[in-house]
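Encoded as structure tokens, the structure appears first; notes follow it.
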Ligand SMILES: [Zn+2]
């Protein structure tokens with residue numbers, strides 16, 4: 001029997017490594033990547049009133065209104081082959097978005113849905129994010145193993161490593177707080193619907209990827 005196209009929703013704390021897992025799945029299963037954050041950024045670069053308003057919102061460090069991702073998803077899905085699977089990364093960030101996304105997928109008759117939670121404790125996420133740096137020159141990411149006062153250089157180009165503003169302690173704490181108050185409701189929602197696959201994120205990326213594929217097979221989502 002022909003499998004219906006797979007629709008994956010990635011959840012996990014910031015620092016869980018879900019972005020890496022998302023990329024590996026997109027590659028392995030030839031899925032269309034729908035990164036809400038990237039799409040919203042691209043949208044904000046356009047020349048129209050809504051885009052300018054969106055740019056203002058993002059510059060102020062505020063969240064996009066809950067109906068905005070819906071608009072972005074619709075546009076992306078409208079141009080995606082109906083037989084191709086998709087992967088949502090960076091959303092839903094709140095219960096209302098999850099419910100709207102369900103309606104969107106239902107409307108497109110995309111009912112083979114699996115929600116993947118890359119699970120790591122808050123303290124582990126905090127530790128990882130505090131070590132995160134970015135190279136000023138080549139923009140590649142890096143992790144430092146020692147304290148923040150150390151300033152090692154980029155492994156690829158020798159450039160200066162700096163801390164992204166989103167990785168300052170207050171910004172990290174506020175993102176992790178958001179997860180604990182809002183995203184946990186989304187996790188519970190999908191758990192209750194029997195769509196949730198939970199994998200520990202405290203392993204090597206390749207190992208997590210293998211576990212994920214095995215879990216997707218076991219659930220009947222892929223052949
Ligand atoms: Zn570099």
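In UniProt numbering, the protein residues as written are 1 to 223. Glycine is no exception: its CB is placed at the ideal position from the N, C-alpha and C atoms.
Could you check how far apart the C-beta atoms of residue i and residue j are, in whole angstroms? I think they sit under 8 Å.
| i | j | result |
| --- | --- | --- |
| residue 156 | residue 95 | Not a contact, Cβ separation roughly 40 Å. |
| residue 31 | residue 40 | Contact doesn't hold; Cβ gap of about 20 Å is too wide. |
| residue 200 | residue 125 | That belief does not hold up - the Cβ atoms of residue 200 and residue 125 are roughly 13 Å apart, past 8 Å. |
| residue 21 | residue 208 | 6 Å |
To which residues does DSSP link residue i through a beta bridge?
| i | result |
| --- | --- |
| residue 9 | 88, 115 |
| residue 142 | 133 |
| residue 33 | 87 |
| residue 153 | 160 |
So, are the CB atoms of residue i and residue j less than 8 Å apart?
| i | j | result |
| --- | --- | --- |
| residue 37 | residue 118 | no |
| residue 179 | residue 89 | no |
| residue 130 | residue 172 | yes |
| residue 44 | residue 62 | no |
| residue 133 | residue 144 | yes |
| residue 128 | residue 176 | no |
| residue 57 | residue 64 | yes |
| residue 183 | residue 77 | no |
For residue i, which residues from the same chain have a beta carbon less than 7 Å from its beta carbon, with the 5 sequence-adjacent residues on both sides left out?
| i | result |
| --- | --- |
| residue 92 | 98, 101, 186 |
| residue 7 | 85, 86, 105, 110, 112, 113 |
| residue 71 | none |
| residue 198 | 117, 119 |
Can you name, in chain order, every residue of its own chain whose Cβ lies under 6 Å from the Cβ of residue i, other than the five neighbours on each side?
| i | result |
| --- | --- |
| residue 160 | 136 |
| residue 142 | 133, 161 |
| residue 216 | 222 |
| residue 3 | 223 |
Is residue i helix, strand or coil when you go by DSSP?
| i | result |
| --- | --- |
| residue 222 | coil |
| residue 72 | helix |
| residue 39 | helix |
| residue 217 | helix |
| residue 181 | helix |
| residue 198 | strand |
| residue 163 | coil |
| residue 106 | helix |
| residue 206 | helix |
| residue 18 | helix |
| residue 192 | helix |
| residue 82 | coil |
| residue 4 | coil |
| residue 93 | coil |
| residue 176 | helix |
So, for residue i: in the same chain, excluding its five sequence neighbours on each side, which residues have a beta-carbon less than 8 Å away from its beta-carbon?
| i | result |
| --- | --- |
| residue 165 | 171 |
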